[in-house]
Amino acid sequence: MPHYDTKLDTVEPQNGGTYVLNEGDALEKHNFEICADGQCRGFVETKHRKGYKEGLLLNEYNQMRIENIDPLAKNRESIGNVLVVFCAKPKDGHSVIVGWYKNATVYRHRPSYNGRAYNLCAQKEDCVLLPEHKRTFKAPRARMDGFGFGWSNLWYAPGEKCRDYVEKVFDYIDSYAP
């Protein structure tokens, strides 16, 4: 999606898994929409225990495992000051970084804003969506790269195997100039 903002995008979400394939929609389409209070409220799918439609009706979905970000967050509902990196797979090619939130709050359970679920938020000044022509920094996929995103489109980047990649991402974000 060019803008991840329903006020600006005219294209439907794509390449986001079974739900997007079946429904032609995704809450991720709001990830860089600036809300009335100056925040971006993003969403990443954590899957539903009983399948998407039944899980949505019953409000039963897998929680965000924020203790994978910080083990001290095991009994907390949210964690702040997180760098969230958004990745997507274009029509053709490898998954790439499309943007990020600095100083984000990540929620274990999905709050709602104007009837829309989200699990990430940050002030608009801390949110960067790359222009489409700059979306070239590859995001690893476990089956192709030996580490990275697996079946889920949520990856916490743990362990030694991905340490060099994570450092390169930090350097890329720190040096980014629009």
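Quick note: the sequence shown uses our numbering, first residue -11, plus one each step.
Ideal Cβ placement from N, Cα and C applies to all residues, glycine included.
Distance CB(residue i)-CB(residue j) smaller than 7 Å
i	j	result
Leu108	Val86	no
Tyr106	Arg53	no
Asn91	Ala110	yes
Lys112	Ile22	yes
Phe137	Cys150	no
Tyr144	Asn50	no
Cys75	Ala130	no
For residue j and residue i, the rounded distance between their alpha carbons
i	j	result
Lys156	Ser66	27 Å
Arg123	Lys62	34 Å
Leu71	Ser163	15 Å
Phe174	Ser83	The chain is shown from -11 up to 166; residue 174 falls before or after that span and cannot be answered.
Pro1	Glu33	Any reading at Pro1 needs caution, since the residue's pLDDT is 48, under 50, leaving its predicted position unreliable; the model's value is listed next. Their backbone Cα atoms lie some 14 Å apart in a straight line.
Asp114	Tyr89	6 Å
Val160	Pro99	Before going on, a small fix: residue 160 reads as Tyr here, not Val. Straight-line Cα distance between these residues: approximately 31 Å.
Met(-11)	Leu60	A caution first: Met(-11) carries a pLDDT of 49, below 50, which makes its placement in the model unreliable, though a value can still be read off. One C-alpha to the other measures close to 35 Å.
Pro166	Asn102	31 Å
Val73	Val154	11 Å
Neighbourhood of residue i by C-beta distance below 6 Å, restricted to the same chain and skipping five residues each side
i	result
Gly68	Thr93
Val116	Gly87 and Trp88
N-terminal and C-terminal residue of the beta strand (DSSP E) that residue i is part of
i	result
Arg89	The residue asked about is misnamed: residue 89 is Tyr in this sequence, not Arg. Segment Val84 to Tyr95, the beta strand (DSSP E) holding Tyr89.
Ala110	Leu108 to Gln111
Val116	Cys115 to Leu117
Reduced DSSP category for residue i - H, G, I as helix; E, B as strand; rest coil
i	result
Asn56	helix
Tyr101	strand
Ala24	coil
Ser66	strand
Tyr49	strand
Ala145	coil
Phe158	helix
Ala76	strand
Arg129	strand
Closer than 7 Å to chain B by CB, residue i
i	result
Tyr153	You won't find chain B in this structure, because it holds only one protein chain.
8 Å Cβ shell around residue i - same chain, five flanking residues per side excluded
i	result
Asp58	Ile67
Met132	His82
Extent of the continuous alpha helix (DSSP H) to which residue i belongs
i	result
Val32	Where Val32 is concerned, there is no enclosing alpha helix (DSSP H), given that its DSSP letter is neither H nor E.
Same chain only: Cβ atoms within 7 Å of residue i, ignoring 5 sequence neighbours per side
i	result
Gly147	none
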